[in-house]
Amino acid sequence: MELRKETLTRYILPMREGGSLPALGEASDGFRYVVKLRGAGHGAKALISELVGGLVAKAFKFKTPELVLLDLDGAFGITEPDEEVQELLRKSEGLNLGMHFLDGAATFDPAVNKVDPLTASKLVWMDAFLTNVDRTRLNPNMMIWHGELWLIDHGASLYFHHSWRDPQQAALDPFPFISRHALLPFADRLEEADRLMRQAITPRTLSAIADLIPDEWLTEEESGLTPKERREAYRTFLTRRLAESRIFTSEAIRQREKLLKG
78 MELRKETLTR
88 YILPMREGGS
98 LPALGEASDG
108 FRYVVKLRGA
118 GHGAKALISE
128 LVGGLVAKAF
138 KFKTPELVLL
148 DLDGAFGITE
158 PDEEVQELLR
168 KSEGLNLGMH
178 FLDGAATFDP
188 AVNKVDPLTA
198 SKLVWMDAFL
208 TNVDRTRLNP
218 NMMIWHGELW
228 LIDHGASLYF
238 HHSWRDPQQA
248 ALDPFPFISR
258 HALLPFADRL
268 EEADRLMRQA
278 ITPRTLSAIA
288 DLIPDEWLTE
298 EESGLTPKER
308 REAYRTFLTR
318 RLAESRIFTS
328 EAIRQREKLL
338 KG
């Protein structure tokens with residue numbers, strides 16, 4: 078696995094749809110990106126969640142915009158009139174994360190856009206694996222682009238790192254928040270999805286994904302952990318969670334049965 082690294086060259090506008098206030102910008106490769114800013118919200122942790130979640134989704138063959146590391150310097154966005162946005166950009170100088178802008182994409186609506194049961198089950202499984210709390214009916218973080226389903230925004234995944242609780246124990250979380258998943262009502266093949274998804278990714282792949290987290294995103298004084306220890310925590314969480322997938326698969330099945338009984 079590799080990540081490209083580009084430099085942001087042109088600021089276009091702030092994107093106010095999400096709570097983290099990303100920006101739309103153009104990079105040195107000539108492409109436009111939705112730029113997730115390290116100065117926003119949960120800082121570098123949100124970028125790590127976005128990076129790991131996007132790469133895991135890609136490993137599972139879901140369609141996701143390409144993720145690119147983006148350097149942001151003090152001149153980026155200097156013409157932005159909003160002082161709050163200007164402050165956010167200044168706090169985000171350095172390495173940020175961008176995803177290719179899906180120009181003309183439409184937000185997925187589970188009441189209109191249909192997903193087959195196996196795909197829905199695989200996606201529910203993956204979000205339970207990542208502990209992604211933010212793929213709900215109100216905020217599905219899915220797009221329809223050129224008639225196909227694309228996944229965006231995994232920044233609410235891996236919530237264990239907000240408290241840095243024991244990654245071995247965190248990996249055993251049954252994840253009851255899966256009850257809010259937009260596709261849970263359609264996910265009637267979760268047992269099959271568990272088998273297929275465990276075959277589709279290996280601990281080696283998950284370890285390689287952990288190795289791609291930039292060192293500068295792993296520097297966080299309040300945790301008391303070194304960057305090496307933090308990287309190892311992500312590796313441990315992901316590999317053990319895969320090994321213990323039966324825990325969150327059973328919970329997803331239980332939550333779906335509860336939902337259907339209504």
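Residue numbers (our numbering): 78 to 339.
Glycine included, C-beta positions come from ideal geometry on N, C-alpha and C.
Computed from a prediction, not measured in an experiment: that's the story for all the values here.
Cβ contact (3+ pairs, closer than 8 Å) linking the segment 226 to 240 and the segment 129 to 149: Verdict: yes, contact present.
Three-state secondary structure assigned by DSSP to I155: Coil at I155, not helix or strand.
Limits of the unbroken beta strand (DSSP E) element including D191: Looking at the sequence shown, residue 191 is not Asp but Lys. First-last for K191: undefined, no H or E at that position.
Cβ-Cβ separation, T313 to P280 (assumed contact under 8 Å), whole Å: Not a contact, Cβ separation roughly 10 Å.
For S284 and V192, the rounded distance between their alpha carbons: The straight-line gap separating the alpha-carbon atoms of V192 and S284 is approximately 30 Å.
According to DSSP, residues forming a beta bridge with W222: Under DSSP, W222 shares a beta bridge with E225.
Distance between P187 and M220 (C-alpha atoms, nearest Å): The alpha-carbon atoms of M220 and P187 are separated by roughly 11 Å.
Secondary structure of T316, DSSP reduced to three states: In the three-state scheme derived from DSSP, where H, G and I count as helix and E and B as strand, T316 is classed as helix.
C-beta contact flag for F237 and T213 at 8 Å: Going by C-beta atoms, F237 is not nearer than 8 Å to T213.
Expected contact under 8 Å - CB spacing of G131 and L144 to nearest Å: Yes, G131 and L144 are in contact; Cβ-Cβ is about 5 Å, under 8 Å.
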